[in-house]
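Quick notes on the structure that follows.
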Amino acid sequence: MTGEIGQAFVLGGLACAAAGSVAGFGAGAMRSATGWLWARRLAYGFAACMLLANLTMEYALLTHDFSVRYVAQVGSIDSPTYITIVSLWSSLEGSILFWGLILGAYVAAATAANRDENPSTMPWAIGVWLAVGAFFCFLLAGPANAFLPAPNPVPLDGPGPNPLLQNHVLMIIHPPMLYLGYVGMTIPFGIAAGALFAGRLEASQIVPLRRWLLVAWGFLTVGITLGGWWAYEVLGWGGYWAWDPVENASLLPWLTATAALHAAMLPHRRGALKGWTVTLVLASFLLTLLGTFMTRSGVFNSVHSFSQSDIGPTILAFLSVCLVFSVVLLALRVDKLEGEGAVTAVVSRESAFLLNNLLFVALTFTVLVGTTFPLLAEAVKGVKLSVGEPYFNRMAVPIGVAILFLMGVGPALPWGQASGERVRKQVLPPLGLGIAAMVVGFGVGLREPWPLLTLGCGGFAGYVTLREMIGPVRALVAGNPGTSALGAWAAAVPQALTQSNRRIGGYIVHLGIIAMIVSIAMSSAYGVDAEARLTKGECMAFEGYDICFEQARTVKESNRTLEVADFRATRDGESSLISPALASYPGMMAPIGSPDVKSTLGYDLYLSLMSINGDVAGVHMFRKPIVAWIWLGAGLAALGTLMSLVPSRKAQAAAVAAPVAAEAASK
Amino acid sequence: MKGKLWAIGAVAVAAAALGYIALGDLGENLVYYWSPTEMVAAKEKAIGATIRLGGLVEPGSLKPDGQTLNFRVTDGTTAVPVTTREVPPQMFREGIGVVVEGTVDDAGQFQSKRMMVKHDNEYRAPEGGAMPSDAAMFGTLEGE
């Protein structure tokens, strides 16, 4: 019964999305107010159906209704309740259903936020969003149907979700964040397509375009980092990024979206490069579809291949349709957008942005080639291979360092032509700090050129970013000379935060990314590892630590059994207990490693249990510098994104003024 | 207009250079997924190349020797001797499906730097000694 109800909501969603898409396109083409109204109503209807379908599935999961096949696949009476709730997205059909929920929420929110603005472009946008919604409902109604009945007889219990996913709390947050990022790209895609259809992209469209792009970008940043963190905490090989095809799949739209966020500032300021901005937005959406295809079709051999299925060809077909749609739309309409401004000054913030865009596109191209090459090789020549990490590193490291350098150059330069005098004044002090950072790095024993250069560029970019960040505060302090210095600063900080929140938020994101790039460079260049077999009571020296295997013990939990090995790590009189484990799940042949990490701001000590037989433990240990800064940097980037998204007072005032003015004008 | 042409030309040259470097690097950094039979058939091409060799640990071939471990990986027709200094994963034993990553040295010996055992939720022991399919072999692996 529950299955049929869920099925009905999915079909309702399909009907709303398909009809709403037609209404949206019709309203865009014929400028019909009625069509626009119905497109909005149907968008809310689609969102409601998706919400109800998801609630139905949660109900089936929580009541252990094994007559629904998806519940029989991922449910288990022994699973803790929170695992049961999140098993909604632990397997293919459920994750597509969850996808529909997020898309519905995005479409409803974006429709509500833009209902009074841009009557020429928004109906087109809603048509595009709901067309995407209709596709995902079609998947749910057909090839990835979560509500199909279980085969007879109805099982009494299920296996529970994939243990790899149950093994860590991060795996509960990582997929929703990634989906929020992926699905979120649909909104800017629709707005960009709407701008092309309408043949105009002005400030009133660029603001929502950037805003929704930033929302998706923020979630994607958090999602990708959480994925890396999960790999680090769970997979036990001591790393967080392996250039695995599925990891690359999430990075590709992030790269183009980052480029698009910067590109969108140019038409906003200069009226230039509208077509280029729109192209990057369209590409970001197409790359999320490519990513969906890679993760959901099982074409790759990867740790992520838990979601193999036969929906691959359907997604590939949809990707092809969207690609053709985007290319044709661009070819036919892009020249309508151009014409107002151009980037003329060579030494200016604009040209730094352009260079930034070229670097991001080059990196996207590199990663795309390395990721899709194995697919092509297998399809054409029938050979199984993958592209090794050295390929990606050799390309990504120089481009990444160049991007880091530009993060310092861009904000240091003014918009428009910069005078030589001004450039020297703005660039030389930070450059000095960068060089000082390299000298210090060399002094403490760093010898590899790329990490040293990363350190230098990080210092340079960090100086510029901080200077630009406190710029608004200093301007306020200078304009308020009467009070004491401390009082002026105390008053200026909150005022600057509310007045220039977008700018300050943006620079906080930059600080986070700088921290991430520097710590990625350091932790991958200066990590040390060793393997050993230790008998109970035996100790070994590792990187200044004395590591002793104290005891092995077994811990039984409701859904798994842990073989825990307790190690004591002592260094400079300080000792801590590190307890990596092997987790066994019922129905699983092999146990899963649960490494244990002692993390500080300076160093991570990471122990991964390879095997345990009686009193002998096989252990892989790692010591890596400043890994924690990667996660902290991502947190900073998320915080900055949030700050930028809060409507500033200026924007709020404009938003209040605009309808009033429009009303006055219409009278 | 002239400026635009120059810009397009410059970008095209940069793209061509990038493509050339990328594709050159690509060829040098491929990882081959081979069965023992395929690896033997590749002959000299295997020496120095990065290889993921998939098969079963041949029963009776496992010989620990101090810190090194010697065994043979077989696909039923061909068996390749493998040597490693790694600590093997918990499930590593004779008869189990493994993927070993490494290369063939000048002496023709496969040196493994990384060992992964078949790690599949839906794993069923092959019936009647049948070999697991390629896809099943290189699917979800532990330690990846």
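Read top to bottom, the protein sequences are chains A and B.
According to the working numbering, the first sequence holds residues 532 to 1198 in order.
According to the working numbering, the second sequence holds residues 1176 to 1319 in order.
We put the beta carbon where it would ideally sit given N, CA and C, even for glycine.
In this text, all values refer to a predicted model and were calculated from it rather than measured experimentally.
| query | result |
| --- | --- |
| If the cut is a Cβ gap below 7 Å, which residues of chain A does residue 1225 of chain B touch? | 919 |
| What residues from the region 889 to 900 of chain A come within 8 Å of chain B, judged by C-beta to C-beta, listed N to C? | 889, 893, 896, 897 and 900 |
| With DSSP run on the structure shown, which of helix, strand or coil describes residue 1272 of chain B? | strand |
| Which whole-angstrom value describes the C-beta separation of residue 1094 of chain A and residue 1083 of chain A, a residue pair presumed to lie in contact below a C-beta threshold of 8 Å? | 7 Å |
| At what residue ranges does the region 876 to 924 of chain A contain a whole run of the alpha helix (DSSP H), taking only runs of 4 or more? | 880 to 912 |
| Which one or two residues does DSSP pair with residue 1286 of chain B in a beta bridge? | B:1258 and B:1278 |
| Leaving aside the five residues before and after residue 591 of chain A along the sequence, list all residues of the same chain whose C-beta is less than 6 Å from its C-beta, in chain order. | 533, 599 and 602 |
| Flag this pair as yes or no: are the beta carbons of residue 965 of chain A and residue 1006 of chain A separated by less than 9 Å? | no |
| Give me, in chain order, the residues of the same chain whose beta-carbon lies closer than 6 Å to that of residue 718 of chain A; leave out the 5 immediate sequence neighbours on both sides. | 637, 641 and 743 |
| Residues in its own chain within less than 6 Å of residue 867 of chain A by CB, not counting five upstream and five downstream? | 730 |
| Please classify residue 655 of chain A as buried or exposed, where buried requires at least 16 neighbouring CB atoms within 10 angstroms. | buried |
| So that I know if they touch, is there some Cβ in chain D lying closer than 9 Å to that of residue 927 of chain A? | Here the protein chains are A and B, and chain D is not one of them. |
| Report the option in A:691, A:1078, A:1167 and A:945 whose CA atom is closest to the CA atom of residue 1042 of chain A. | A:1167 |
| Can you tell me whether DSSP reads residue 572 of chain A as helix, strand or coil? | helix |
| Please determine if the region 691 to 705 of chain A and the region 782 to 796 of chain A are in contact, where contact requires at least 3 C-beta pairs separated by less than 8 Å. | no |
| Mind pulling the chain A residues with CB within less than 7 Å of residue 1197 of chain B? | 897, 900 and 926 |
| Since residue 1292 of chain B meets chain A, which of its residues come closer than 8 Å, beta carbon to beta carbon? | 1121 |
| List the endpoints of the continuous beta strand (DSSP E) containing residue 1156 of chain A. | 1147 to 1156 |
| Comparing alpha-carbon positions, which option in A:572, A:607 and A:589 lies nearest residue 1089 of chain A? | A:607 |
| Per DSSP, which one or two residues make a beta bridge with residue 653 of chain A? | Bridge partners of residue 653 of chain A: none, in fact. |
| Considering only C-alpha positions, which residue in the set A:983, A:1000 and A:1030 is nearest to residue 1054 of chain A? | A:983 |
| Suppose only complete runs of 4+ residues qualify. What are the alpha helix (DSSP H) ranges in the region 613 to 673 of chain A, listed by chain order? | 623 to 644 and 653 to 672 |
| Are there 16 or more other CB atoms within 10 angstroms of the CB of residue 1196 of chain B, so buried, or fewer, so exposed? | exposed |
| Cα separation between residue 1116 of chain A and residue 1129 of chain A? | 25 Å |
| Cβ closer than 8 Å: which chain A residues qualify as neighbours of residue 1261 of chain B? | 1062 |
| Kindly identify the DSSP beta-bridge partner or partners of residue 1102 of chain A. | A:1105 |
| The ligand GDP heavy atoms versus the CB of residue 1232 of chain B: any closer than 8 Å? | Absence of the ligand GDP is noted for the structure shown, with no ligands found whatsoever. |
| In whole angstroms, what separates the C-alpha of residue 1141 of chain A from that of residue 929 of chain A? | 35 Å |
| So does the region 660 to 670 of chain A actually touch the region 1048 to 1063 of chain A, counting three or more Cβ pairs closer than 8 Å? | no |
| Beta carbon of residue 894 of chain A, beta carbon of residue 846 of chain A: below 9 Å? | no |
| Does the pairing of the region 647 to 654 of chain A with the region 550 to 565 of chain A give three or more beta-carbon distances under 8 Å? | yes |
| Can we say the region 1143 to 1160 of chain A touches the region 779 to 786 of chain A, given the rule of at least three CB pairs closer than 8 Å? | no |
| Below 9 Å on C-beta distance, what does residue 1143 of chain A contact in chain B? | 1265 |
| Out of curiosity, what's the CA-to-CA distance linking residue 921 of chain A and residue 1202 of chain B? | 11 Å |
| Sort A:676, A:823 and A:862 by Cα distance to residue 806 of chain A and report the nearest one. | A:862 |
| Pull up the distance between the alpha-carbon of residue 823 of chain A and that of residue 1231 of chain B, whole angstroms please. | 33 Å |
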